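This report concerns only the one structure given below.
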Amino acid sequence: MTPFDEEEARLRQVVTRRVQQLPHDLYAMTNCGQLYMLQERERRVLSILRKNKSDVLNVGRILEVGCGTGLWIRDLIRWGVNPARITGVELLPERAVEARRLCPAEVSIHCGNAATLTFPADTFDLVIQSTVFTSILNREVQKDLAREMLRVLKPDGFILWYDFHLNNPRNPDVRGVTRYDVQRLFPQCHIQLAPITLAPPLVRLLAPVSWLGCHLLSLVPFFCTHYLGIIRKR
Numbered sequence: 057m058t059p060f061d062e063e064e065a066r067l068r069q070v071v072t073r074r075v076q077q078l079p080h081d082l083y084a085m086t087n088c089g090q091l092y093m094l095q096e097r098e099r100r101v102l103s104i105l106r107k108n109k110s111d112v113l114n115v116g117r118i119l120e121v122g123c124g125t126g127l128w129i130r131d132l133i134r135w136g137v138n139p140a141r142i143t144g145v146e147l148l149p150e151r152a153v154e155a156r157r158l159c160p161a162e163v164s165i166h167c168g169n170a171a172t173l174t175f176p177a178d179t180f181d182l183v184i185q186s187t188v189f190t191s192i193l194n195r196e197v198q199k200d201l202a203r204e205m206l207r208v209l210k211p212d213g214f215i216l217w218y219d220f221h222l223n224n225p226r227n228p229d230v231r232g233v234t235r236y237d238v239q240r241l242f243p244q245c246h247i248q249l250a251p252i253t254l255a256p257p258l259v260r261l262l263a264p265v266s267w268l269g270c271h272l273l274s275l276v277p278f279f280c281t282h283y284l285g286i287i288r289k290r
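Using this note's numbering, the first residue of the sequence shown is number 57, and each one after it goes up by one.
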């Protein structure tokens, strides 16, 4: 078994185990902390698109790697994207099936490894990755995924990045991806990243009491665990 196969097998085991062990309401919209994090991320993503004067939501072709059950995809549709212009790739068959069930039929959901994409070069105007790279511990597989994302991205397109930059001491199955790591994965690219997302354990405790408190703490980069930003080809 190659390192690539080993990492794929590990990811399947980790995600399956995590889905079984997590409280069923941890990522529910009725969870105040989860709702706060999603709404903050939505505001910041739309702000990035607006500041970059991007028309990608109206006319672009969009790919999400590691789309899970399609949460980002459904957000894109709510923001006005034509479902027929959205493609998702998901490693786990059961999650791909759930994404197909929850998303409109026009969305194209593929079950496979995003480090070996089957799409032609220069296909997509926007490629989204959300907490995928932190789940991949093998650095060569990370490089393969980054290379594939750039390959299928149009020359004037961009990658939307959202991921942890800190390690989770209670979860050895993930590893934070620092700003240096992103630069190493996407050499010779123009990278803009900003801290976001108040530490999830903290926001889940504070959000039911005070959203203002969450907002004020999230303004301090030290308390933020993720980076959000864009990556462009030079």
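A virtual CB, placed ideally from N, CA and C, is assigned to each residue, including glycine. Keep in mind that this is a model prediction, so the values were computed, not measured.
Can you tell me where the alpha helix (DSSP H) with residue i in it begins and where it stops?
| i | result |
| --- | --- |
| Ser274 | 267 to 274 |
| Ile133 | 127 to 134 |
| Arg157 | 149 to 158 |
| Asn224 | No alpha helix (DSSP H) holds Asn224; DSSP gives it neither H nor E. |
Run through DSSP, which three-state label would residue i get?
| i | result |
| --- | --- |
| Val183 | strand |
| Arg290 | coil |
| Gly89 | helix |
| Leu173 | coil |
| Ile104 | helix |
| Ser164 | strand |
| Thr234 | coil |
| Leu193 | coil |
Which two residues bound the contiguous beta strand (DSSP E) that contains residue i?
| i | result |
| --- | --- |
| Ile247 | 245 to 254 |
| Tyr218 | 209 to 220 |
| Glu146 | 142 to 146 |
| Leu119 | 118 to 121 |
Residue j and residue i - do their beta-carbons sit closer together than 8 angstroms?
| i | j | result |
| --- | --- | --- |
| Leu209 | Lys109 | no |
| Leu147 | Leu182 | no |
| Tyr236 | Leu284 | no |
| Ala152 | Leu201 | no |
| Arg117 | Thr179 | yes |
| Ser274 | Leu249 | no |
Within 7 angstroms: the Cβ of residue i and any heavy atom of the ligand HEM?
| i | result |
| --- | --- |
| Ala177 | The ligand HEM is absent from the structure shown, which contains no ligands of any kind. |
Across the stretch 160 to 167 and the stretch 183 to 200, are there enough close Cβ pairs to call them in contact, namely three or more that are closer than 8 angstroms?
In short, these stretches do not touch, since the Cβ pair count stays below three.
Assess, as a yes-or-no matter, whether the stretch 261 to 269 is touched by the stretch 83 to 99 under the definition of 3 or more beta carbon pairs within less than 8 angstroms.
The answer is yes - the stretch 261 to 269 touches the stretch 83 to 99, with three or more Cβ pairs under 8 angstroms.
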